[in-house]
Amino acid sequence: MTDMQPVMSARGLVKRYGRVTAMDQADFEIYPGEVLAVIGDNGAGKSTLVKSLCGAVVPDHGVIELDGKPIHFTSPMQARDAGIETVYQNLALSPALSIADNMFLGREIYAPGILGRVFKKLDKKAMHKQARERLVELGLLTIQNIGQLVETLSGGQRQGVAVARAAAFAKKFVIMDEPTAALGVKESRRVLDLIKDVRARGLPIVLISHNMPHVFEVADRIHIHRLGRRAAVIDPEKYSMSDAVAIMTGAMEPPAELCPPKVTAH
Amino acid sequence: MTSETTRGPQEFEKVLADSATEVAQFELEDNNLLRRLHHFLHANPTAVPVIVLIISILMFGAIANNFFTAFNMTLIIQQVTIIGILGVAQTLIILTAGIDLSVAAVMMLSAVLMGNLAVNMGVPTVLAIPFGVLVGAACGGANGLLVTRFRLPPFIVTLGTWKIFFALNLYFSGGQSIRSQDIDQAAPALKLFGDSFQLLGAQFTTGSLLMLLLFPLFYYILNWTPWGRHVYAVGDDIDAARLSGIRTRRVLLSVYALAGALCALAGWVSIGRVGSVSPQSFFEGNLDAITAVVIGGTSLFGGRGSIFGTLVGALIVGVFRSGLNLSGVDVLWQQFAVGALIILAVAIDQWIRKVSS
Chain R
39 MTDMQPVMSA RGLVKRYGRV TAMDQADFEI YPGEVLAVIG DNGAGKSTLV KSLCGAVVPD
99 HGVIELDGKP IHFTSPMQAR DAGIETVYQN LALSPALSIA DNMFLGREIY APGILGRVFK
159 KLDKKAMHKQ ARERLVELGL LTIQNIGQLV ETLSGGQRQG VAVARAAAFA KKFVIMDEPT
219 AALGVKESRR VLDLIKDVRA RGLPIVLISH NMPHVFEVAD RIHIHRLGRR AAVIDPEKYS
279 MSDAVAIMTG AMEPPAELCP PKVTAH
Chain B
3 MTSETTRGPQ EFEKVLADSA TEVAQFELED NNLLRRLHHF LHANPTAVPV IVLIISILMF
63 GAIANNFFTA FNMTLIIQQV TIIGILGVAQ TLIILTAGID LSVAAVMMLS AVLMGNLAVN
123 MGVPTVLAIP FGVLVGAACG GANGLLVTRF RLPPFIVTLG TWKIFFALNL YFSGGQSIRS
183 QDIDQAAPAL KLFGDSFQLL GAQFTTGSLL MLLLFPLFYY ILNWTPWGRH VYAVGDDIDA
243 ARLSGIRTRR VLLSVYALAG ALCALAGWVS IGRVGSVSPQ SFFEGNLDAI TAVVIGGTSL
303 FGGRGSIFGT LVGALIVGVF RSGLNLSGVD VLWQQFAVGA LIILAVAIDQ WIRKVSS
């Protein structure tokens, strides 16, 4: 193990819904510069875990630390303000608004001076410029017109806009929920490249996915969730997809050691 | 256990490098006139009502005597003053995928309160008018609270409050009108928006000028301020808006309250327009405002539409009424024509939206 400090860590998270236990002493760490995949069967509690990291669920017990300091999120907004961005499976975009409007939805840029302060005027020029920069940074050059409505974009392009928005505003890390689930081969490829680009810019990513080939391609470490807790963290270079599935489903004993964070990350 | 094939692109993806890179293109010959029109209208939803307005003006100009006069044109604008202001309020609500059946009731309740306070109870007009506007905002706020806090459908909420506000209006007015002479004597400022002035040989009222100014103002608010963008986002997809960090309840509440205040403003203007405060007037204001919004191309499903469409929609209604009137057509056919227009407008909206689904 290195003595690298995790960006975020969680210890002993418990969440019960009535008599159903969704999380049972779950642990979690994400380290700087890595892509951490979270996999698990349906009902294993991985979405409850991830939701408690991004503030959508408040755990009953346990501690969550951000940069070593304990935090208690009670809403997704607090997590967002703390620098944690989530790309939801349904993308959370407004189809009838433009790309630029969507990227800055909820955190618009005001025009300088009295126009912005008193008349709340938007600085559309700055918003368009920054939105374009973000998209170009991530290699999404196919989008020509930043004022284009999101409903005119393809599924992959929409995913690109959602990822670009998250990457533009995240200070700590990005959570991506099934980013390739609804996409074709070509578009999935583009999103996977996008994930690598975001990591290359130093932003850690928590990737939730059921797609084993995708997970094994981009993840630095794989967190396997089973029966409401972390069963193992494995190194995708040392274990195969069938090993991961076996641990996930209980067919194989999980390894005792957790995979340490890769020092190569930074 | 390490296998090189599990890292990096999959075997079947290798062909992607050779795959076509250009964006999908389709034969232009396939684009017949109808499809091009469809595309144009989808990009410019306000174009439909503008075309309808121009055609109807030309049509009535050709068949009705005295239609094409400056006097008649300004008369039409005066006649749609109240519908226009209520239409602005209704547009805000419909953009959030809601509907407000209580706009006319709020308007009359506010007008009755302003009149009662200023004329019958001797309250200074400078206090009575803001109080009336405040009551309007509170009525709208009550609608908004019921919609956001209790999660009731806007149609049902405002159907209920329509009756409640109308009952309150009758209670406070006692069913009695406030006469024009009494207003002139006690509180002439109530009739401020009935004042008229000459411009380019035509007569305008300050009320219709106010109505016309509200449209660019709300165009700015809806398109150039974060609040305006949030109104569209909430109406388009409320879950997406919430996840994007918009406080959706607060936006909805503010929309309903602002709509209520606008209805009260319409109430003040209506005193000038009618000359008296009559609790039974503008009974049709509700449906006329919705008609203007719908004909103006704003989608009842929320998130799509423009405020200027509502102005055009209101003018279309005014032109039809005036044109059919001057042509000597029976009132029943005016109703018939407006009804047909509504259905046509919604049908066109559905057709335009097909491309996006």
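If you're matching them up, the sequences are chains R and B in order. Numbering-wise (the working numbering), the first sequence opens with residue 39 and increments by one. Numbering-wise (the working numbering), the second sequence opens with residue 3 and increments by one. Beta carbons: idealized from backbone N, C-alpha and C, even for Gly.
Determine, using beta carbons only, whether residue i and residue j come nearer to each other than 8 angstroms.
i	j	result
residue 116(B)	residue 284(B)	no
residue 295(B)	residue 81(B)	no
residue 217(R)	residue 197(R)	yes
residue 125(R)	residue 219(R)	no
residue 132(R)	residue 235(B)	yes
residue 100(R)	residue 49(R)	yes
residue 118(B)	residue 174(B)	yes
residue 163(B)	residue 189(B)	no
residue 88(R)	residue 213(R)	yes
residue 272(R)	residue 284(R)	no
Pick helix, strand or coil for residue i, following the three-state DSSP scheme.
i	result
residue 53(R)	strand
residue 356(B)	helix
residue 100(R)	strand
residue 236(B)	helix
residue 109(R)	strand
residue 123(R)	strand
residue 35(B)	helix
residue 264(R)	strand
residue 205(B)	strand
residue 305(B)	coil
residue 54(B)	helix
residue 148(R)	strand
residue 275(R)	coil
residue 189(B)	coil
residue 125(B)	coil
residue 290(R)	coil
residue 244(B)	helix
residue 75(R)	strand
residue 15(B)	helix
residue 64(R)	strand
residue 317(B)	helix
residue 284(B)	coil
residue 192(R)	coil
Measuring only the C-alpha atoms, how far is residue i from residue j?
i	j	result
residue 102(R)	residue 214(B)	56 angstroms
residue 44(B)	residue 166(R)	23 angstroms
residue 63(R)	residue 70(R)	24 angstroms
residue 198(B)	residue 206(B)	5 angstroms
residue 322(B)	residue 42(B)	26 angstroms
residue 233(B)	residue 129(B)	31 angstroms
residue 265(B)	residue 258(B)	10 angstroms
residue 228(B)	residue 177(B)	43 angstroms
residue 255(B)	residue 355(B)	28 angstroms
residue 237(R)	residue 86(R)	24 angstroms
residue 81(R)	residue 223(R)	27 angstroms
residue 286(B)	residue 335(B)	16 angstroms
residue 167(B)	residue 104(B)	8 angstroms
residue 233(R)	residue 256(R)	8 angstroms
residue 242(B)	residue 128(R)	8 angstroms
residue 170(R)	residue 113(R)	30 angstroms
residue 121(B)	residue 279(B)	10 angstroms
residue 106(B)	residue 194(B)	20 angstroms
residue 35(B)	residue 56(B)	21 angstroms
residue 188(R)	residue 134(R)	7 angstroms
residue 190(R)	residue 212(B)	37 angstroms
residue 135(B)	residue 300(B)	26 angstroms
residue 290(R)	residue 66(R)	21 angstroms
residue 245(B)	residue 95(R)	14 angstroms
Could you tell me if the beta carbon of residue i falls within a distance shorter than 7 angstroms of some heavy atom in the ligand MN?
i	result
residue 186(R)	What this structure holds is no ligand at all, so the ligand MN is not there to describe.
I believe residue i touches residue j by the beta-carbon criterion, under 8 angstroms. Please report the beta-carbon distance rounded to the nearest angstrom.
i	j	result
residue 259(R)	residue 293(R)	Not quite, the Cβ-Cβ distance comes to about 13 angstroms (not below 8 angstroms), so this is no contact.
residue 242(R)	residue 45(R)	6 angstroms
residue 314(B)	residue 51(B)	4 angstroms
residue 223(B)	residue 230(B)	5 angstroms
residue 325(B)	residue 152(B)	So it is not a contact: roughly 44 angstroms between Cβ atoms.
residue 209(B)	residue 276(B)	Going by Cβ atoms, the distance from residue 209(B) to residue 276(B) rounds to 11 angstroms, so no, they are not a contact pair.
residue 178(R)	residue 206(R)	Incorrect: roughly 12 angstroms between the Cβ atoms, too far for contact.
residue 51(R)	residue 97(R)	5 angstroms
Report task. Please list the residues of the region 156-177 of chain R that have a C-beta atom closer than 9 angstroms to any C-beta atom in chain B, keeping them in chain order. Result -> 157, 158, 159, 160, 162
Query raised in the report: Using Cβ-Cβ distances below 7 angstroms, what residues of the region 217-241 of chain R are close to chain B?
Result: 223, 224, 227
Query raised in the report: Mind listing which residues of the region 179-203 of chain B have their C-beta closer than 9 angstroms to chain R's C-betas, in chain order?
Result: none
Query raised in the report: What are the residues of the region 300-312 of chain B that lie near chain R, defined by any Cβ-Cβ distance shorter than 8 angstroms?
Result: 305, 306
Query raised in the report: Using a Cβ cut-off of 7 angstroms, which residues of the region 248-261 of chain B contact any Cβ in chain R, in chain order?
Result: 248
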